[in-house]
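For the numbering used here, add 187 to where a residue sits in the sequence shown, where the first one is 1.
We treat Cβ as the ideally placed atom computed from N, Cα and C, and that holds for glycine.
In this text the structure is predicted, and so the values were computed from the model without any measurement.
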Amino acid sequence: MNAKQKIAEMIDAKQVQFTATADQIWGTPETRFATAESVKPFLEILDKEGFTVETGLANMEHSFVATYGSGSPVIGILAEYDALGNLSQVADLGERKAENEGGNGHGCGHNLLGTGALAGAIGIKDLMEQEKLTGTIKLFGCPAEESGYGKAFMVRDGVFDCLDVALTWHPLDTSMAWGLSSLAVYQVYYNFKGISAHAASSPEQGRSALDAAELMNIGVQFLREHIIDEGRVHYAFMDAGGESANVVQPTASLYYFIRAPKLDQAESIYKRVNKIAEGAAWMTETELEIVFDSACANYLPNQAMTTVMYENLKEFGKLNLTKEDQEYSQRYYDSLDDATKVSLITRARQMNPTVSEEEIQRLGTLPVLDNVGPLVFSSATLGSTDVGDVSWVCPTAQVFVGCEPQGTPPHSWQWVANGKSSVAHKGLLAAGKTIATTAYDLLTNPELMAKVKAEHQATIGDKKYQSAIPADVMPK
Ligand SMILES: [Zn+2]
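#1: Could you pull the DSSP bridge partners for K325 from this structure?
#2: Using only the alpha-carbon positions, how far apart do G393 and V460 sit?
#3: Out of H598, F479, E224, state which residue places its alpha-carbon closest to the alpha-carbon of D210.
#4: Decide if D521 is buried, meaning its Cβ has at least 16 other Cβ atoms within 10 Å, or exposed.
#5: What is the chain-ordered set of residues for which the beta carbon lies under 7 Å from any non-hydrogen atom of ligand 1?
#6: Take L367 as the anchor and find which of G619, F587, D659 has the nearest alpha-carbon.
#7: Take A626 as the anchor and find which of M188, W579, I194 has the nearest alpha-carbon.
#8: Please confirm if the region 641-651 is in contact with the region 336-347, defined as three or more CB-CB distances below 8 Å between the two stretches.
#9: Since I believe D573 is in contact with C483 (beta carbons under 8 Å), could you give me their beta-carbon distance rounded to a whole number of angstroms?
#10: Are Y268 and G301 close, meaning C-beta to C-beta below 8 Å?
#11: Would N489 be called buried (16 or more neighbouring beta carbons within 10 Å of its own) or exposed?
#12: Between the Cα of G310 and those of N558, E196, K235, spot the shortest distance and give me the residue it belongs to.
#13: Assuming V346 and L487 make a contact with CB atoms under 8 Å, what is their CB distance in whole Å?
#14: State the Cα-Cα distance for the pair A364 and G214, rounded to the nearest angstrom.
#15: So, G303 versus G256, is the Cβ gap smaller than 8 Å?
#16: Enumerate in chain order the residues of its own chain whose CB-to-CB distance from S369 is below 7 Å, with the five nearest sequence positions on each side excluded.
#17: Would you identify the three-state DSSP class for K380, choosing helix, strand or coil?
#18: Of all the CB atoms in chain B, is at least one closer than 8 Å to the CB of V203?
#19: Hey, could you find the ends of the beta strand (DSSP E) W579 is sitting in?
#20: Where does F444 sit, in a helix, a strand or coil, going by DSSP?
#21: Quick one: residues in its chain with C-beta nearer than 6 Å to the C-beta of A535, no 5 flanking neighbours on either side, listed in chain order?
#22: Considering only the alpha carbon of each residue, which of M496, F379, N287 lies closest to L629?
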């Protein structure tokens, strides 16, 4: 048996520990930086497994780094465990039903992401122990990926400066290498403060914060025509003043996400949005407070490392789905609308250019997939991820593992419902094996490591990473 097969066996031998941990985190969904319960099982297991654990990195109480081994190379593995608001969902159910009305839910599969990364770190550690390999493995616990961007704060504070490379993964409804970029984003609150008054008897005494917020949104609406095509500006009302229409609303607050393919492009749009907010405050004689929440950079894929990870995904990322798994997942496939079901055939054709039309028809109707798509590198972008910031300071690679029902998007109730299933468990184990075997390649092949680093240097060129988060902004 070769070393990589041994890794896969050792991960399988501990699978109950990993899947039980994923289920435990599913049951305590927490958002942003407040991940006190979700981080606990990681700390307990890593300590028991012989890692040295340090918590509270970059002013985040529930972040950690767990270290095994010594010397170079230093390989980082990134774990996430935060959930999303208002996505509580009954497990294993084929329709939308909250388990806890208004509660949180793991709609992005980070209960799987975190434990898959954990399995990867422990898998390579077990092999290093057995084969007396030198090098260092560091598993990072990174809160607030969904909003707040823990890793962006960690990068700003130099947490990843010790790394030669970083590896991670993300659940999806299909398996492939992550060869795309992502959008840089600025997240900012615009808080307006006015003067309340009776809206009928003394409106002249009032200054409406709600008017200011509305004028800001109208101004931004006109701005959208004059930004780059790939720019994205979206918002939520955090406070609309109150529920009484007969009061001039004294407070209003907007939360903006401002995105573009590159950080400097997002910054220039952000500065223009600030001017619009200031204009709205002038027009309404209200006060404006701009509160910088967070920001993250675009992702730079490393082709050399992603290619190696992709090969490992093809070999060790098989889910070996059973008839029961397909039958289980059918409930989520049935919940899709007809247009989405039809589009899956088109996607199956794109993802599997060399297989027969008969096979494509089959793949396009399966409720869950166990094939790996082709390796594609492209400048196209997905949403935003704080893995982007990490990719600027060290070569970074990641894969998607198709452990979610086919056709269902991230941040959906279907992902929450599927989060403790046999399919989800198989996905996290496949991800762990892919990460650990890639770490093995990087630990034992100095030529590969040199190639990966040379590519990273060439990609960065003379562009120096500069965190978009101001020095005085803290995670909250
Ligand atoms: Zn996610």
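Reading from the atomic positions:
#1: T254, G263
#2: 25 Å
#3: E224
#4: exposed
#5: E267, C295, G296, H297, L300, E332, E333, H357, P597
#6: F587
#7: I194
#8: no
#9: 4 Å
#10: yes
#11: buried
#12: E196
#13: V346 to L487, Cβ: 18 Å. No contact.
#14: 29 Å
#15: no
#16: N485, Y486, T568, L569, G570, S571, T572, G575
#17: strand
#18: Among the protein chains of the structure shown there is no chain B, as only one such chain exists.
#19: From DSSP, W579 is part of no beta strand (DSSP E) but of the alpha helix (DSSP H) over 574-580.
#20: strand
#21: I547, L550, G551
#22: M496
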